[in-house]
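**Q** The structure's right below; bear with me while I get my questions together.
In structure tokens, the structure reads:
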């Protein structure tokens, strides 16, 4: 079996196994798995409203997936996407409500602020990794919780003691009457176009620029890159900063599109952690990330329909997603199985 | 309020808040010492918290005072079960340990909330009636000053946590098992050559962390929160990881770090009634453990070194 085919089959088999075990869990818990999955399907595609909401859910997942994938290509595991995303969310929400500008300027300024906030939050672990060889996984985890508390405190300061920031001005909003009309007043917004653009940008940086070549080279082999004259430290910091910028933009989608403000968070949003799943499933390729985000975003949004239509708690979707990650991560065993299967077929011939 | 009264007030609550952190951090020490990174401690704690609360609510009527203690045992069993998923993925199937840990957190939370919703038809359980209770330690509590600081109104769970930390130190540094555990985490190939079963050691270590993490979650739920919902455990597991690193992968270091983080948590909860502390915004106390961990890692508070083979799956025969 060709390597390419195996690389495509591993995620597909993982998704299938995840869904099958999800069905078993539902059956054991006394629910009808077919009803459950029909409700899931309806929660994704039932009407224009649900489809609009599905696209809305997919949008930030594209960004968080790109953020994880981008860092990963340079050999960095950015678990801090969650924290960078909520920093970006707050920055965009603040710019959106604090200034009054024409829309052509307001939206880009808010987006840049979000990207900068995310990038700044990712710069710290990048710097520590490059200069002091501190492992980025632990630092970014710690910075997630720091971000959570800092953001909550800042929301209090910005809003003068309220639980949420004021609604952003119309001029900073990504929502539109047109999208609301065609999707029956869902919260779908133009952010999905920005997300698609981001996918292309990541592909362009990695495949068509010297910077991308260096980033990938550092990811493959640090020492060889250093020997070839590349500045490894600079590339590590840059990779984290760009990754953080993607994460921050993901937060901007929530600030300028979905919620149009920011409320205090009691726990992580989960978008950043789901980004790890998205990137893993998409094999850290920009277009793979897009597919992964579509799958997980659709599952998440569809899952919201499961309690009302089939009586199954929404969490079944998170169980399925977690299982898919386990299977993709344990791809080794699926590969071995596929190889054995391939060999047998050959022998029979 | 005099300074001494302040200490009488804050030290017991610091130890109280630290107990779940101590146990979970010690669990983390065991896995990391064996060469497995366990990001999934949060998920394990969640499962422990949920299972103990469900057990407590179901059997409090029949079992009375013993309920919370049996709840700990139940949480331990479920903690071990869920940690086995990590062991299978990360040790046997050579999955990326960090990724499997993240997945374990997701799975733990999802399964716990799924089951709670299934049983109670709502996302949050009722409050339990049988909680851990405090008591004064006889004789010791009569010692002037110190007695009132450490031995009055003590939770038995705090004693358990500190005892476990000391036992863990003994096991890791003074027994053949501990030596093997550390060798597997530093240089698995050398350990394998000497006849140590690397896979078995790592499985045992992950299961120990499952047991301790489950108990830690159960103590948090049955002593501090009193019920279980999706946000009951939010960040406790990661704070335990922080304590483990801040304690430099040493059981007693982790104990000290966890006590310190417990102190910070206690301050952020009761600080409003303490002079000077009430002027410090909450936010600084809330982020203190995380910031300190980053500083510790960066070498500002003495360099922290992880076990060498931590995070690397062991593949026999591979150089």
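Chains as they are written, first to last, in the numbering used here: chain F, 1442 to 1790; chain A, -1 to 317. Glycine included, each C-beta is placed from N, C-alpha and C at the ideal position. Because the structure is a prediction, the values reported are computed rather than measured.
Assuming residue 1717(F) contacts residue 1740(F) (C-beta within less than 8 Å), just tell me the rounded distance between them.
**A** Translated into positions along the first chain, residue 1717(F) becomes position 276. Translated into positions along the first chain, residue 1740(F) becomes position 299. With 8 Å as the limit, residue 1717(F) and residue 1740(F) do not qualify as a contact, their Cβ atoms being about 15 Å apart.
**Q** Kindly identify the DSSP beta-bridge partner or partners of residue 7(A).
**A** In the second chain, counting from the first residue as 1, residue 7(A) sits at position 9. The partner list for residue 7(A) (beta bridge, DSSP) is empty, contrary to what the question assumes.
**Q** Quick one: which chain A residues come within Cβ less than 7 Å of residue 1578(F)?
**A** Here the question's residue 1578(F) lines up with position 137 in the first chain. Going along chain A in sequence order, the residues near residue 1578(F) (Cβ under 7 Å) are 96.
**Q** Is it right to say residue 95(A) is buried, meaning 16 or more other beta carbons lie within 10 angstroms of its own, or is it exposed?
**A** Residue 95(A) sits at position 97 when you count from the first residue of the second chain. By the neighbour-count rule (16 or more Cβ atoms within 10 Å), residue 95(A) is buried.
**Q** At the 8 Å Cβ level, is residue 279(A) part of the contact set with chain F, yes or no?
**A** Taking the first residue of the second chain as 1, we reach residue 279(A) at position 281. Closer than 8 Å to some Cβ of chain F, the Cβ of residue 279(A) qualifies, so yes.
**Q** For chain B, is any of its Cβ atoms less than 8 Å away from the one on residue 29(A)?
**A** In summary, chain B is missing from the structure at hand, where the protein chains are F and A.
**Q** Do the stretch 50 to 69 of chain A and the stretch 3 to 23 of chain A make contact, defined as three or more Cβ pairs closer than 8 Å?
**A** Taking 8 Å as the limit for Cβ pairs, the verdict is that the stretch 3 to 23 of chain A does not touch the stretch 50 to 69 of chain A.
**Q** Who are residue 132(A)'s beta bridge partners in DSSP?
**A** The residue given as residue 132(A) occupies position 134 in the second chain. Answer is 153(A).
**Q** According to DSSP, is residue 1781(F) part of a helix, a strand, or is it coil?
**A** Residue mapping note: residue 1781(F) aligns to position 340 of the first chain, counting from 1. Three-state result, residue 1781(F): helix.
**Q** Three or more C-beta pairs closer than 8 Å, one from the stretch 1666 to 1675 of chain F and one from the stretch 1559 to 1566 of chain F: is that the case here?
**A** With a cut-off of 8 Å, the stretch 1559 to 1566 of chain F and the stretch 1666 to 1675 of chain F do not count as touching, because too few Cβ pairs lie within range.
**Q** According to DSSP, what are the bridge partners of residue 1704(F)?
**A** The sequence position of residue 1704(F) within the first chain is 263, counting from 1. Looking at the DSSP assignment, residue 1704(F) forms a beta bridge with 1605(F).
**Q** Closest Cβ-Cβ distance between residue 123(A) and chain F: below 8 Å?
**A** Within the second chain, numbered from 1, the residue matching residue 123(A) stands at position 125. Not one chain F Cβ lies under 8 Å of residue 123(A).
**Q** Which value, in whole angstroms, describes the spacing of the CA atoms of residue 1450(F) and residue 115(A)?
**A** Position 9 of the first chain, counted from the start, is the residue given in the question as residue 1450(F). Position 117 of the second chain, counted from the start, is the residue given in the question as residue 115(A). The straight-line gap from Cα to Cα measures roughly 35 Å.
**Q** Is there a C-beta anywhere in chain A that falls below 8 Å from the one on residue 1825(F)?
**A** Only positions 1442 to 1790 of chain F appear in this structure, which leaves residue 1825(F) out of reach.
**Q** Between residue 92(A) and chain F, is the shortest Cβ-Cβ distance under 8 Å, so that the two count as touching?
**A** As a position in the second chain, residue 92(A) is number 94, starting the count at 1. Answer yes: the Cβ-Cβ gap between residue 92(A) and chain F drops below 8 Å somewhere.
**Q** Kindly say whether residue 295(A), judged by its beta-carbon, lies nearer than 8 Å to any beta-carbon of chain F.
**A** Here residue 295(A) is taken as the residue at index 297 of the second chain, counted from 1. Yes, its Cβ sits closer than 8 Å to a Cβ of chain F.
**Q** Spatial neighbours of residue 208(A) within its chain, please: C-beta separation below 6 Å, excluding the five flanking residues on both sides.
**A** For the purposes of this step, residue 208(A) is identified with residue 210 of the second chain, where counting begins at 1. Taken in chain order, the residues that qualify are 42, 77, 78, 81.
**Q** At 9 Å on the CB atoms, spell out the chain A contacts of residue 1708(F), in chain order.
**A** Locating residue 1708(F) in the first chain gives position 267, where the first residue counts as 1. Under the 9 Å cutoff, chain A gives 228, 229, 232, 233.
**Q** Do you know offhand how far residue 164(A)'s Cα is from residue 90(A)'s?
**A** Against the second chain, residue 164(A) aligns to sequence position 166. Against the second chain, residue 90(A) aligns to sequence position 92. Their backbone Cα atoms lie some 31 Å apart in a straight line.
**Q** Quick one: give me the first and last residue of the alpha helix (DSSP H) that residue 1563(F) is part of.
**A** Start at 1 with the first residue of the first chain, and residue 1563(F) comes out as number 122. Here the alpha helix (DSSP H) through residue 1563(F) covers 1544 to 1573.
**Q** Using a Cβ-Cβ distance under 8 Å, would residue 56(A) count as near chain F?
**A** Taking the second chain and counting its residues from 1, the one referred to as residue 56(A) is at position 58. Cβ-Cβ to chain F under 8 Å: no for residue 56(A).
**Q** Hey, how far is the Cα of residue 1783(F) from the Cα of residue 1771(F)?
**A** As a position in the first chain, residue 1783(F) is number 342, starting the count at 1. As a position in the first chain, residue 1771(F) is number 330, starting the count at 1. One C-alpha to the other measures close to 19 Å.
**Q** Given a limit of 7 Å on CB to CB distance, which residues of the stretch 280 to 291 of chain A reach chain F?
**A** Listed by position, the residues of the stretch 280 to 291 of chain A near chain F (Cβ gap below 7 Å) are 281, 284, 285, 288, 289, 291.
**Q** Under a CB-based cut-off of 8 Å, is residue 259(A) close to chain F?
**A** Taking the first residue of the second chain as position 1, residue 259(A) is located at position 261. Not one chain F Cβ lies under 8 Å of residue 259(A).
**Q** For residue 1564(F) and residue 40(A), what's the separation of their Cα atoms in angstroms?
**A** Translated into positions along the first chain, residue 1564(F) becomes position 123. Translated into positions along the second chain, residue 40(A) becomes position 42. Roughly 26 Å between the two C-alpha positions.
**Q** Find out if the Cβ-Cβ distance for the pair residue 1764(F), residue 1504(F) is shorter than 8 Å.
**A** As a working mapping, residue 1764(F) is identified with position 323 in the first chain. As a working mapping, residue 1504(F) is identified with position 63 in the first chain. No, the Cβ-Cβ distance between residue 1764(F) and residue 1504(F) is not below 8 Å.
**Q** Could you name the residues of chain A that residue 1757(F) contacts, counting a contact when the two beta carbons are closer than 8 Å?
**A** Taking the first residue of the first chain as 1, we reach residue 1757(F) at position 316. 108, 112, listed in chain order.
**Q** Taking C-beta pairs closer than 7 Å, name the residues in chain A that residue 1583(F) reaches, listed in chain order.
**A** As a working note, residue 1583(F) is residue 142 in the first chain. Simply 240, 288, 291, 292.
**Q** Please identify, using Cβ separations under 9 Å, the residues of the stretch 1460 to 1478 of chain F that lie next to chain A, in order along the chain.
**A** So the close ones are 1466, 1470, 1471, 1472.
**Q** Can a CB atom of chain F be found closer than 8 Å to the CB of residue 101(A)?
**A** For this step, residue 101(A) is matched to residue 103 along the second chain. Yes - at least one Cβ of chain F is within 8 Å of the one on residue 101(A).
**Q** Show which residues of chain F have a CB atom less than 7 Å away from the CB atom of residue 116(A).
**A** Translated into positions along the second chain, residue 116(A) becomes position 118. The contacting residues are 1470, 1754.
**Q** With DSSP as the reference, label residue 1625(F) as helix, strand or coil.
**A** The sequence position of residue 1625(F) within the first chain is 184, counting from 1. Three-state DSSP puts residue 1625(F) in coil, outside helix and strand.
**Q** Measure the Cβ-Cβ separation of residue 121(A) and residue 111(A) and say whether it is below 8 Å.
**A** By one-based count along the second chain, residue 121(A) stands at place 123. By one-based count along the second chain, residue 111(A) stands at place 113. Result yes, Cβ atoms of residue 121(A) and residue 111(A) sit closer than 8 Å.
**Q** Taking Cβ to Cβ, would you say residue 8(A) is nearer than 8 Å to residue 255(A)?
**A** In the second chain, counting from the first residue as 1, residue 8(A) sits at position 10. In the second chain, counting from the first residue as 1, residue 255(A) sits at position 257. No, the pair does not count as a contact, with Cβ atoms beyond the cut-off.
**Q** Using a Cβ-Cβ cut-off of 8 Å (strictly less than) and excluding sequence neighbours within five positions of residue 1674(F), which residues of its own chain qualify?
**A** Within the first chain, residue 1674(F) is the residue found at index 233, counting from 1. Only 1571, 1572 meet the Cβ criterion.
**Q** What separation, rounded to the nearest whole angstrom, lies between the Cα atoms of residue 1608(F) and residue 223(A)?
**A** Sequence index remark: in the first chain, residue 1608(F) carries index 167 (1-based). Sequence index remark: in the second chain, residue 223(A) carries index 225 (1-based). Rounded to the nearest angstrom, the two C-alpha atoms are 34 Å apart.
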